[in-house]
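K.L.:
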Amino acid sequence: MKNSEQKNWFDNDKAVKLYVKKLEKASKYVYRPLAKEIIELI
């Protein structure tokens, strides 16, 4: 159970970082401040 939870957290972390990367790439000018805030939260 614990390993499964840890894996889910790791996958979520990877997914969030990937999402932020895509967000920055696709909408550099509009979403850059938002992306920076998200990165600081992580």
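Number 250 in the working numbering belongs to position 33 of the sequence shown; there are no gaps in the numbering. C-beta atoms are modelled at their ideal positions from N, C-alpha and C, and glycine is treated no differently.
(1) Report the three-state DSSP secondary structure of S244 (helix, strand or coil).
(2) Where K234 and P250 are concerned, what is the direct C-alpha to C-alpha distance, given to the nearest angstrom?
(3) Would you decide whether A243 is buried or exposed? Buried here means 16 or more other CB atoms lie within 10 Å of its CB.
P.N.:
Let me lay it out:
(1) Mapped onto the sequence shown, residue 244 falls at position 27. Of the three classes helix, strand and coil, the one that applies to S244 here is coil, per DSSP.
(2) Counted from its first residue, the sequence shown places residue 234 at position 17. Counted from its first residue, the sequence shown places residue 250 at position 33. A direct Cα-to-Cα measurement between K234 and P250 gives close to 15 Å.
(3) As a working note, residue 243 is residue 26 in the sequence shown. That one is exposed.
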